[in-house]
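Novice:
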Amino acid sequence: MRTPLGVQALACPLRRLVAPACWAAFALVCYGPLVGFLGELGQETAGPSGADLWARRLGLLWTSFYVAGVATLAAVILGAPVGALLSRLRVPGRRALLALCAAVLVVPPYVFGIAWLAAFGARGAWIAGAETALQPAWDPYQAWTAALVLAWAYFPLVVLCTWASLRAIPPEREAEALLHTGPIRTLWFVSLREARDGVLLGAGLVFLLAWTDFTVPDLFRTRVYAAEVFTEFSAFYGLGPASRSLAPLVLGAALVLCAFVVREDRAAFRQAGGRASAPPLPLWGAARWLAAGAWLVVLGLLLLPVVILFQRALPLEDFGLAWKAAGPELRQTLTTSFYAAALAGLLGYGCAVLIVPHPWRRRRWLEGLTLLPLFVPAPAVGIGLIRLWNRHGGMGEVYQSEAILVLAACARFLPLAVLAWARGLARVPRALYDAGRLDGLSGWAWQRHVALPAAWRHGLAGMALVFAWSVGELGASLLVAPPGASTLSIRIFTLLHYGADRMVAALCVLVVASIALPGFLAALALVGRRRFSLSR
Amino acid sequence: MVTKKNVMFVALVGMAALSARAAERQVVVYTALDRMFSEPILADFTARTGIAVKPAYDTEATKTVGLYNRLVAERSRPVCDVFWNNEIARTLALDREGLLAPYDSPSASDIPAAFRSPVHTWTGFAARARVIIYNTQLVKDEEAPDSVFDLLDPRWKGKAAIALPLFGSTSTHAAALFAYLKPEPAKAFFSGLVANQVKVLAGNATVRDDVAAGIVPWGLTDTDDAYGAIVAGKPVKMVYPDQEGIGTLVFPNTVALIAGAPHPDEGRALIDYLLSPEEERRLAEGAGAQIPVRATVPVPGHVRRASDLRCFTLPWEELPAALEVSQPFLQSTFMR
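Protein sequence lines, in the order shown, are assigned to chains D and X.
Quick note: the first sequence, position 384, residue 384 per this note's numbering, numbers continuous.
Quick note: the second sequence, position 243, residue 243 per this note's numbering, numbers continuous.
Here it is in structure tokens:
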């Protein structure tokens with residue numbers, strides 16, 4: 001019995017005082033920059049205008065759409081079948097592979113881009129032999145290569161969404177199909193069809209992330225909209241023009257998110273939470289080889305970046321040099337990410353307490369609103385933070401300190417913690433509340449002895465995600481990093497232009513190592529527990 | 001267990017840490033010089049003086065201009081103490097905006113007057129030159145370009161590269177050409193680059209890398225970038241352009257104290273350190289192969305003195321006005 005918690009269940013001081021305070025803090029941290037950014041839209045500023053400007057912007061928007069579209073298509077083509085195979089076929093080690101998929105999701109996409117260029121770029125180790133034969137035909141810096149790299153980075157998202165939705169489909173449909181046809185046809189025509197909402201959700205998330213990313217296109221010298229605006233702003237410090245330029249991206253992200261909230265509201269797979277998962281399909285003949293092939297391909301794709309970068313950074317002494325050279329950045333990155341995760345954990349719990357009691361449909365919309373800042377382009381968050389915090393007095397002191405990096409990370413990733421806590425708290429059975437009330441537990445005691453122990457795994461997963469994504473944050477911190485403070489991502493981004501390939505590769509391995517532990521914890525919490533599903 | 005005693009202890013430790021931090025002497029420097037060159041110098045300054053340096057570097061793609069605009073944006077509440085620019089045009093523009101404070105550094109007494117502000121608002125040192133870099137596997141020595149105007153030669157259509165002339169030294173070079181050629185011929189020159197399909201890349205280091213990788217046969221870059229590729233054993237050579245014509249553009253690093261700097265004394269100390277002959281020599285001997293502006297500073301064999309070159313001569317004061325004309329035109333021509 002998993003009846004959602006009623007409003008009265010949380011009628012305690014936490015809900016009356018602390019939770020609204022957490023929401024106010026959430027609004028300041030996540031929506032404050034957005035409001036600051038929107039406030040700049042109306043500012044009168046000199047700058048290019050007219051038909052030429054709009055023609056150029058439309059061209060850039062098209063490039064962004066092309067890159068995000070191709071990335072989404074490739075991620076779905078690769079991720080959906082793999083997710084289906086891992087979900088419905090009894091493949092050895094599939095849980096480990098799923099955990100790896102989840103862990104890889106927190107690796108910043110630019111790491112994949114750098115790995116690609118290290119292997120197949122102009123000075124790439126894997127292209128060196130074929131260099132003469134390919135030239136001049138081979139140009140590594142193209143829009144489609146940027147799209148493929150983004151697909152490489154984000155396809156595990158489609159794998160996980162497909163897997164999660166397939167776990168929730170009614171088992172009798174597959175059983176019925178298996179009476180008439182084999183497992184592969186059943187998987188293709190019945191299971192995947194039933195899981196289309198999950199695949200679509202994964203595709204939508206990939207599209208949103210690729211649409212707002214500028215790091216990979218920048219590496220591949222593809223002028224996408226977000227990269228152009230970032231360059232314009234970095235160069236000219238024009239808050240108004242940059243905000244106006246970014247508005248279509250923010251609007252696009254909001255529209256796609258709305259479409260998905262509406263879509264998910266109607267989707268059937270979410271309603272299946274709590275049902276028994278369909279049993280694995282019987283595996284024989286060609287299916288066995290197919291599953292083994294999928295396993296190896298996915299493992300290869302997931303581990304390849306680290307292998308390439310490790311190979312590029314050799315000899316081992318170079319890791320020592322990188323460690324020494326980037327020590328302050330590494331410390332700053334870990335400190336910033338730790339504080340961001342801690343803050344997100346605290347605020348996330350408080351916010352979730354207010355989300356959970358609402359009826360399902362309203363809750364979806366509240367969660368959608370909570371998620372929006374996650375898909376706002378990072379430069380827009382940076383601009384908003386400057387607008388909001390760069391003032392005289394106490395706010396200015398915050399702006400000039402390392403705390404602004406924590407705020408930048410929270411502004412982008414705090415929604416992950418809120419959502420994780422909300423999903424965890426939503427699964428606390430109503431019966432537990434009643435039992436606590438009968439025992440005479442106060443609201444605080446109920447939170448402490450019932451809600452927290454029941455939902456801590458989700459909270460931990462959310463905090464680990466915030467930590468890991470904060471390690472790779474670049475777009476906002478690049479704009480707001482105060483003098484004397486720099487992160488690993490900023491260091492990598494700066495070094496990239498100086499051709500310090502081996503140092504960059506070693507630093508990327510350091511980034512992966514920094515997020516490996518929390519990434520693995522998040523992965524275990526997300527896919528290692530049967531109690532968690534994307535459905536509730 | 002949380003007790004009153006524990007809370008007080010934590011508060012005391014926190015206050016002690018904060019006051020120790022506040023007592024620390026520090027200087028904030030915005031530097032456009034590549035981090036790999038500037039970071040060791042700033043670290044040595046801290047080691048010698050005990051003054052902590054908080055540097056802000058800029059990215060290659062928005063070289064100099066990003067820091068310039070940040071300084072302008074912060075004018076009402078300056079954060080920066082010292083601006084260490086790797087070129088001169090934007091420093092002069094800041095001077096014109098009234099954002100620089102005068103400081104006559106004793107270290108600058110032997111720097112030629114041509115590299116110093118008459119009112120001591122900025123000082124030049126350690127120069128670089130705009131050079132042609134070409135790939136020796138794609139271009140024979142005897143066919144190598146030797147003028148920036150070769151960018152317009154149909155022979156090189158689609159085979160040459162420059163950095164985006166809105167940023168860094170390429171922007172300074174463009175402004176210098178606007179000042180020297182006058183606006184209309186300069187506009188014709190840059191429009192000609194577009195017509196001749198000159199590749200416009202993110203920065204001078206990118207130009208160097210693409211030439212070294214053979215993606216483009218040749219391009220325009222700075223001496224420090226070109227020298228880096230030569231030292232790394234890449235198949236490239238460097239040419240000082242226009243030795244038979246208008247001359248090569250040689251431009252200094254510049255350093256200036258920001259008006260209203262929060263740490264003026266520490267800023268002056270850093271300026272004194274940077275302008276010392278020892279540091280200029282170090283920059284000449286380092287991987288950046290900078291050209292000393294003092295005749296008395298010895299140079300290694302691979303560094304050519306400005307006096308050995310035919311230099312593009314231009315009164316520096318003309319650059320800010322030229323920038324104002326060149327930037328809008330170049331933005332509309334090259335902003336992708």
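By construction, the Cβ of each residue, glycine as well, lies at the ideal position given by its N, Cα and C atoms.
Would you report the Cα separation of L73 of chain D and L510 of chain D, rounded to the nearest angstrom?
Specialist: For the purposes of this step, residue 73 of chain D is taken as the residue at position 73 of the first sequence. For the purposes of this step, residue 510 of chain D is taken as the residue at position 510 of the first sequence. Taking the straight line from one Cα to the other gives about 31 Å.
Novice: Which residues in the same chain as F467 of chain D place their Cβ atom closer than 8 Å to its Cβ, once the five residues preceding and following it in sequence are excluded?
Specialist: On the first sequence, residue 467 of chain D is found 467 positions in, with the first residue counted as 1. Same-chain partners within the cutoff: S337, F338, A340, A341, I515, P518.
Novice: Report yes if the C-beta of L200 of chain D is less than 7 Å from at least one heavy atom of the ligand NAP; otherwise report no.
Specialist: The model on display carries no ligand, and the ligand NAP is accordingly not part of it.
Novice: Quick check: the stretch 187-199 of chain X against the stretch 111-118 of chain X, are there 3 or more CB pairs under 8 Å?
Specialist: Output reads no: the stretch 111-118 of chain X does not touch the stretch 187-199 of chain X.
Novice: Could you tell me the distance, in whole angstroms, from the CA atom of R35 of chain X to the CA atom of R95 of chain D?
Specialist: Position 35 of the second sequence, counted from the start, is the residue given in the question as residue 35 of chain X. Position 95 of the first sequence, counted from the start, is the residue given in the question as residue 95 of chain D. If I take the Cα positions, the gap works out to 44 Å.
Novice: Taking 8 Å as the cut-off, decide whether the C-beta atoms of A226 of chain D and P108 of chain D are in contact.
Specialist: Here the question's residue 226 of chain D lines up with position 226 in the first sequence. Here the question's residue 108 of chain D lines up with position 108 in the first sequence. No, Cβ-Cβ distance for A226 of chain D and P108 of chain D is not below 8 Å.
Novice: Can L274 of chain X and V303 of chain X be called in contact, C-beta distance under 8 Å?
Specialist: If you number the second sequence from 1, residue 274 of chain X lands on position 274. If you number the second sequence from 1, residue 303 of chain X lands on position 303. No, these two residues do not count as a Cβ contact at 8 Å.
Novice: Check for me: the beta strand (DSSP E) holding T31 of chain X runs from which residue to which?
Specialist: For the purposes of this step, residue 31 of chain X is taken as the residue at position 31 of the second sequence. Per DSSP, T31 of chain X belongs to the beta strand (DSSP E) from 26-31.
Novice: Taking the beta strand (DSSP E) that N204 of chain X belongs to, which residues open and close that run?
Specialist: Within the second sequence, the letter at position 204 stands for residue 204 of chain X. Counting along the chain, N204 of chain X falls outside any beta strand (DSSP E), though it belongs to the alpha helix (DSSP H) covering 204-213.
Novice: What residues of chain X sit near G484 of chain D, judged by a beta carbon separation below 9 Å?
Specialist: Taking the first residue of the first sequence as position 1, residue 484 of chain D is located at position 484. The answer, in chain order, is Q26, V28, A52, V53, K54, P55, A56.
Novice: Which residues in the same chain have their Cβ closer than 6 Å to the Cβ of L134 of chain D, if we skip the five residues on either side of it in sequence?
Specialist: Start at 1 with the first residue of the first sequence, and residue 134 of chain D comes out as number 134. Bear in mind that the predicted position of L134 of chain D carries a pLDDT of just 48, short of 50, making it unreliable; the figure below should be weighed with that in mind. So the list is empty, once near-sequence residues are dropped.
Novice: With 16 other CB atoms within 10 Å as the buried threshold, where does S169 of chain X fall?
Specialist: Indexing the second sequence from 1 puts residue 169 of chain X at position 169. Flag for S169 of chain X reads buried.
Novice: Closer than 6 Å by C-beta to Y68 of chain X: which residues in its own chain qualify, once you throw out the five before and the five after it? Chain order, please.
Specialist: On the second sequence, position 68 is the one that residue 68 of chain X refers to. Excluding residues within five positions, the ones whose Cβ falls inside 6 Å are R90.
Novice: Alpha carbon to alpha carbon, how far is I162 of chain X from E143 of chain X?
Specialist: The residue given as residue 162 of chain X occupies position 162 in the second sequence. The residue given as residue 143 of chain X occupies position 143 in the second sequence. Near 19 Å, if we compare the C-alpha coordinates of E143 of chain X and I162 of chain X.
Novice: With a threshold of 16 other CB atoms inside 10 Å of the CB of A272 of chain D, please say whether the residue is buried or exposed.
Specialist: Mapped onto the first sequence, residue 272 of chain D falls at position 272. With a pLDDT of 41 at A272 of chain D, under the threshold of 50, the modelled position of that residue is not reliable, and the figure given next carries that caveat. The residue is buried, with at least 16 neighbouring Cβ atoms inside 10 Å.
Novice: Does DSSP classify G345 of chain D as helix, strand or coil?
Specialist: As a working note, residue 345 of chain D is residue 345 in the first sequence. Looking at G345 of chain D - three-state DSSP - the assignment turns out to be helix.
Novice: Within 8 Å (strictly less), CB to CB, does L330 of chain X reach chain D?
Specialist: Along the second sequence, read from residue 1 onward, the residue named residue 330 of chain X stands at position 330. Chain D contact via Cβ: absent.
Novice: Report back the beta-carbon spacing between L157 of chain D and V206 of chain D to the nearest angstrom; my notes put them in contact at under 8 Å.
Specialist: Within the first sequence, the letter at position 157 stands for residue 157 of chain D. Within the first sequence, the letter at position 206 stands for residue 206 of chain D. Going by Cβ atoms, the distance from L157 of chain D to V206 of chain D rounds to 6 Å, so yes, they are a contact pair.
Novice: Within the stretch 61-91 of chain X, note down every full alpha helix (DSSP H) run reaching 4 residues or more, in order along the chain.
Specialist: Complete alpha helix (DSSP H) runs here, min 4: 65-73.
Novice: Spatial neighbours of D318 of chain D within its chain, please: C-beta separation below 8 Å, excluding the five flanking residues on both sides.
Specialist: Residue mapping note: residue 318 of chain D aligns to position 318 of the first sequence, counting from 1. For D318 of chain D, where only same-chain residues beyond five positions count, the Cβ hits under 8 Å are R502, M503, A506.
Novice: I want to verify the contact list: residues of chain D whose CB lies under 7 Å from the CB of V79 of chain X, in sequence order.
Specialist: Within the second sequence, numbered from 1, the residue matching residue 79 of chain X stands at position 79. The contacting residues are Q400, P483.
Novice: Between which two residues does the beta strand (DSSP E) carrying L220 of chain X extend?
Specialist: The count along the second sequence starts at 1 and reaches residue 220 of chain X at position 220. Residues 218-222.
Novice: Using a Cβ-Cβ distance cut-off of 8 Å, determine whether R35 of chain X contacts chain D.
Specialist: Counted from its first residue, the second sequence places residue 35 of chain X at position 35. So, interface residue.
Novice: Short of 6 Å in beta carbon distance, which residues of its chain neighbour W229 of chain X, apart from the five on each side in sequence? Order them along the chain.
Specialist: Translated into positions along the second sequence, residue 229 of chain X becomes position 229. Note on residue identity: the sequence assigns Ala, not Trp, to residue 229 of chain X. Result list for A229 of chain X: R208, A212, V236, in chain order.
Novice: In the DSSP assignment, find the unbroken beta strand (DSSP E) run with R128 of chain X in it and report its ends.
Specialist: Position 128 of the second sequence, counted from the start, is the residue given in the question as residue 128 of chain X. Note, R128 of chain X: beta strand (DSSP E), 123-135.
Novice: Hey, would you say P277 of chain X sits closer than 8 Å to V297 of chain X, going by beta carbons?
Specialist: Taking the second sequence and counting its residues from 1, one reaches residue 277 of chain X at position 277. Taking the second sequence and counting its residues from 1, one reaches residue 297 of chain X at position 297. The answer is yes: Cβ separation under 8 Å.
Novice: When we look at the beta-carbon of D242 of chain X and count the other beta-carbons within 10 Å, is it buried (16 or more) or exposed?
Specialist: In the second sequence, counting from the first residue as 1, residue 242 of chain X sits at position 242. D242 of chain X comes out buried.
Novice: Opposite K199 of chain X in the DSSP bridges: which residues?
Specialist: In the second sequence, counting from the first residue as 1, residue 199 of chain X sits at position 199. Answer is X:A161.
Novice: Out of D:L61, D:A253, D:Y141, state which residue places its alpha-carbon closest to the alpha-carbon of L201 of chain X.
Specialist: Taking the first residue of the second sequence as position 1, residue 201 of chain X is located at position 201. When each option's Cα is compared against that of L201 of chain X, the closest is D:Y141.
Novice: Measuring only the C-alpha atoms, how far is G124 of chain X from F178 of chain X?
Specialist: Within the second sequence, residue 124 of chain X is the residue found at index 124, counting from 1. Within the second sequence, residue 178 of chain X is the residue found at index 178, counting from 1. Taking the straight line joining both Cα atoms gives about 22 Å.
Novice: Can you find at least 3 beta carbon pairs, one from the stretch 406-423 of chain D and one from the stretch 361-372 of chain D, that sit closer than 8 Å?
Specialist: Output reads yes: the stretch 361-372 of chain D touches the stretch 406-423 of chain D.
Novice: Is the Cβ-Cβ distance between I383 of chain D and L474 of chain D less than 8 Å?
Specialist: Position 383 of the first sequence, counted from the start, is the residue given in the question as residue 383 of chain D. Position 474 of the first sequence, counted from the start, is the residue given in the question as residue 474 of chain D. Going by C-beta atoms, I383 of chain D is not nearer than 8 Å to L474 of chain D.
Novice: Just curious, the alpha helix (DSSP H) that T254 of chain X is in, first and last residue?
Specialist: The residue labelled residue 254 of chain X in the question sits at position 254 within the second sequence. Run containing T254 of chain X: none in the alpha helix (DSSP H); it sits in the beta strand (DSSP E), 250-258.
Novice: Does A338 of chain X come out as helix, strand or coil in the three-state DSSP assignment?
Specialist: For residue 338 of chain X there is no data in the structure shown, the boundaries of chain X being 1 and 336.
Novice: Compare the C-alpha of A326 of chain D against each of D:R57, D:C508, D:V82 and name the closest.
Specialist: For the purposes of this step, residue 326 of chain D is taken as residue 326 along the first sequence, with counting starting at 1. Selected option, being the one with the closest Cα: D:C508.
Novice: Here's the rule I'm using: 16 or more other beta-carbon atoms within 10 Å means buried, otherwise exposed. How should A27 of chain D be labelled?
Specialist: Here residue 27 of chain D refers to the residue found at position 27 of the first sequence. By the 10 Å Cβ count, A27 of chain D comes out exposed.
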